[in-house]
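Heads up, the sequence shown is in our numbering, so the first residue is 629 and it goes up one at a time.
Glycine is no exception: its CB is placed at the ideal position from the N, C-alpha and C atoms.
Keep in mind the model is a prediction, meaning the values are calculated, not measured.
Read through the structure below, which is laid out as structure tokens, and then see the notes.
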Amino acid sequence: MSEHSSETEVQKRPVNNNLIFGVVILIIVACVAAYILLQPDDKPTQTVEDIVTEEVPMAEFQEPEPEPEPEPVAAPEPEPVVVEQPVAREEEPVPEVEPLPTLNESDEVVVARMDEVLSDQVMSLMVTDDLIRRGVVYVDNIAKGKVAASHAPVERPKESFKVIEGDILTIDPNSYERYTPYVKLFTSLSAAQAIRIYDEYKPLINEAYAEIGYEGDAFNQTLEEAIDVLLDTPEPKGDMPLVRNSVTYQYAYSEWENLPQAQKQLLRMGPENMKKVKAALRNIKAELEK
629 MSEHSSETEV QKRPVNNNLI FGVVILIIVA CVAAYILLQP DDKPTQTVED IVTEEVPMAE
689 FQEPEPEPEP EPVAAPEPEP VVVEQPVARE EEPVPEVEPL PTLNESDEVV VARMDEVLSD
749 QVMSLMVTDD LIRRGVVYVD NIAKGKVAAS HAPVERPKES FKVIEGDILT IDPNSYERYT
809 PYVKLFTSLS AAQAIRIYDE YKPLINEAYA EIGYEGDAFN QTLEEAIDVL LDTPEPKGDM
869 PLVRNSVTYQ YAYSEWENLP QAQKQLLRMG PENMKKVKAA LRNIKAELEK
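Below is the structure:
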């Protein structure tokens with residue numbers, strides 16, 4: 629296990645026509661005429677002057693004048709239909725998207741964008757020189773199982789690698805702590821945030837990828853391959869013995885020592901840090917595959 633690494637988005641009111649109809653009044657005129665009949669007395673020897681009974685003229689009944697028909701009541705005019713016009717919604721202004729800078733002038737913009745979502749402590753770990761190119765080369769190497777230390781987009785840990793001397797050399801657990809700030813950097817962004825930033829600068833990322841001899845739009849596949857390499861790193865159940873080789877240390881068991889450099893680098897972070905990194909990588913991979 630070497631500390632040295634190789635590179636490479638009408639309502640209408642129903643019309644209520646209330647019509648009022650006039651009432652027709654019927655007038656009934658019926659007149660009945662009647663006369664009185666008088667009968668003579670029965671006396672034989674007496675001349676009786678005929679009593680002339682005047683016929684009382686029958687009273688004339690006049691038909692009452694018909695009452696004038698009431699004037700028809702005009703039906704009220706229907707209320708005008710009020711058509712409610714839909715209220716025009718004001719469209720929200722679409723924010724202007726600032727054009728991306730050139731790849732050579734991208735550092736200031738990318739660092740400012742990262743600074744919006746990362747703490748100052750985490751930002752202090754990043755190498756801000758040629759950031760996109762560094763990241764592209766670093767990911768390309770990890771996809772091959774390698775570690776391009778000189779192109780790392782973060783600073784190297786300041787603390788040295790420590791071991792516990794004894795009958796068997798093992799990694800000092802305190803050595804794992806030197807990677808904790810880097811794990812916090814990696815896990816401080818949600819997978820959705822990381823993919824948004826990635827998509828935002830994807831044209832520049834593809835340009836940098838084309839510079840090292842690849843098809844620019846193929847970087848997405850390379851990123852997924854790099855994630856798979858790290859996710860395939862085996863997880864040890866206990867301490868892993870080391871052997872000293874000149875000024876470096878190697879894993880005593882070949883099954884660990886023969887792992888790709890990128891996986892051995894992840895092992896160095898310790899079991900707890902490795903679990904956190906793998907969990908974040910799975911979330912990022914899930915977002916990439918949507």
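Excluding its 5 nearest sequence neighbours in each direction, Glu783 has C-beta neighbours in its own chain below 7 Å: Leu753 and Val755, listed in chain order.
At a Cβ-Cβ threshold of 8 Å, Thr861 and Leu813 do not count as neighbours. In the three-state reduction of the DSSP assignment, Arg784 falls in the coil class, being assigned neither a helical nor a strand state.
By the C-beta criterion, the region 794-810 is judged not to be in contact with the region 724-741, since fewer than 3 inter-stretch pairs fall below 8 Å.
The three-state secondary structure of Val767, taken from DSSP, is helix.
C-alpha of Met868 to C-alpha of Arg896: approximately 11 Å in a straight line. For Leu870, there is no enclosing alpha helix (DSSP H); the residue is part of the beta strand (DSSP E) that begins and ends at Leu870 to Asn873. Tyr804: not part of any alpha helix (DSSP H); DSSP gives it neither H nor E. The C-beta distance from Leu797 to Val871 rounds to 7 Å, short enough to fall under 8 Å. The criterion of a C-beta distance shorter than 8 Å is not satisfied by Ala907 and Ala854. Counting every other CB atom within 10 Å of its CB across the protein chains shown gives Tyr881 a total below 16, marking it as exposed. Comparing alpha carbon positions, the residue from Gly866, Asp735, Glu900 and Val767 closest to Ala780 is Val767. The residue among Ser818, Ser788, Ser803 and Val905 with its C-alpha nearest the C-alpha of Leu746 is Ser818.
Taking 8 Å as the upper bound for CB-CB distance, Ile833 and Ile760 are in contact here, some 6 Å apart.
Residues of the same chain with a CB within less than 7 Å of the CB of Glu852, apart from the 5 flanking positions on each side, are Lys913 and Leu916 in chain order.
Leaving aside the five residues that flank Asp845 on each side, the residues in its chain whose CB is nearer than 8 Å to its CB run, in chain order, Asn834.
Burial is judged here by how many other beta carbons sit within 10 angstroms of a residue's own beta carbon; Arg762 has at least 16 and is buried. In its chain, beyond the 5 residues on either side, Met629, Met868, Leu870 and Glu885 have a beta carbon closer than 7 Å to the beta carbon of Tyr879.
Sequence-distant partners of Ser803 (beyond 5 residues in either direction) whose C-beta falls short of 6 Å from its own C-beta, in its chain, are Phe789 and Lys790. As for any beta strand (DSSP E) of minimum length 3 sitting wholly inside the region 866-917, the runs are 870-873 and 876-879, ordered along the chain.
In terms of Cα proximity to Val764, the closest of Leu859, Tyr842, Pro729 and Met751 is Tyr842. With a cutoff of 8 Å on beta-carbon distance, Val750 and Ser816 are scored as near each other.
In this structure, the straight-line span from the alpha carbon of Ile799 to that of Gly898 is close to 9 Å.
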